[in-house]
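As structure tokens, the structure follows; a few thoughts come after it.
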Amino acid sequence: MTQTKTSQFQSQFRPRVLLTGAAGAVGSALRTGLAQDFDLILTDLRTPDDLREDETFRQADLQDPEQVRRAMQGAQAVIHLGGIPDEHTYGQIRAVNIDGTAHLLQAAHELGVRRVAFASSIHAVGYYPRHQKIGPDVPVRPDTFYGVSKVAGEALGRMYWERYGLEFVAVRICSFQPRPQDARHLSTWLSPRDAVQLFRRAIEAPDVGYLTVAGVSGNTRAWMTPEGWEVLGYGPQDNAETYAAELEGRHGDPASRTERYQGGVFTESDYTGLAGK
Ligand SMILES: NC(=O)c1ccc[n+]([C@@H]2O[C@H](COP(=O)([O-])OP(=O)(O)OC[C@H]3O[C@@H](n4cnc5c(N)ncnc54)[C@H](O)[C@@H]3O)[C@@H](O)[C@H]2O)c1
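Here this note's numbering is used: position 6 in the sequence shown is 848, and no number is missing along the way.
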């Protein structure tokens, strides 16, 4: 399983990278932050409001394999952020997040894409208690159908790597925010500039094969360990501790599931997210 293509790719090309979910919150940050390094092809169900003339945008629904395949033409790598970022009905989650990721990986395999970086989530492991530090290899404990879809995405990625040699990096994003908002974020915050660096490294780092890493800043109180960051060469610049004094008091009932588990409110048995809206 050698990656001779990798070093060539790194040193000689400005890689052509498909960015799914480009109109979303994380996508918008990466769109700006990665434009200098990569030749980006943007895709989403909806057109970004502030799309510029010098940007390439290809509208596509992840639920349609042909549209996904068309959007991916010419890409050497993919950053896959598109999908439903919250709990929803099982049917919606399956169609967009699970089937959508399967369509994306199948197209990547058929079109000879080298690597996929995938926006996984803390909700793949949301039922770990907050007092437990967890690495990327702990058994999954998804807290929602949404979390299950991220586990499925990681499993699909693993299969495409083992079976076809398509490299795959799963970034378990915890809380992507311009700045941390509450006490939980002191452990889970991922700043925009760290997100940009992390996904850049997830595409550029040589010889990753298959890898799962924590998607957080260098938070002093992080629950996820930094295992795997050294493979990518990711060194976070931000630490939520900077905001500790103002946020420490911002938490709910310590006896609630929300406060006991890493997945926060997603772990409450009556949490329905978008399904109830
Ligand atoms: N924001 C976070 O803190 C966080 C945490 C963990 C994981 N993630 C993951 O990161 C990714 C991006 O999250 P975000 O916060 O930017 O969410 P977002 O909702 O802002 O962006 C997701 C994008 O996916 C697009 N999309 C939805 N359905 C689609 C479909 N059928 N076809 C094509 N595109 C579709 C949406 O139009 C949207 O622009 C998601 O996969 C999310 O699950 C985010």
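Glycine included, each C-beta is placed from N, C-alpha and C at the ideal position.
All values reported here derive from a predicted model rather than from experimental measurement.
The region 967-979 makes no contact with the region 920-930, as fewer than three CB pairs between them are under 8 Å. Residue 988 has its CB nearer than 8 Å to a heavy atom of ligand 1. Take residue 1069, set aside five residues on each side of it, and the residues of its chain with a beta-carbon closer than 7 Å to its own are 977 and 978, in chain order.
For the pair of segments examined, the region 1072-1088 was found not to touch the region 995-1008: the number of CB pairs separated by less than 8 Å stays below three.
Distance between residue 1056 and residue 986, taken at the CA atoms: about 19 Å.
In the three-state DSSP reduction, residue 897 falls in the coil class, being neither helix nor strand. Short note on residue 1024: C-beta not closer than 8 Å to any heavy atom of ligand 1. The beta carbon of residue 1082 sits closer than 7 Å to those of 1022, 1027, 1028, 1031, 1059 and 1061, all from its chain and outside the five residues before and after it, given in chain order.
Taken in chain order, the whole beta strand (DSSP E) runs of length 3 or more contained in the region 908-962 are 919-922.
Annotated as distal: residue 912 and residue 880, with beta-carbon spacing of 9 Å or more. Contact between residue 957 and residue 970 does not hold, since their C-beta atoms are separated by about 28 Å, which reaches or exceeds 8 Å.
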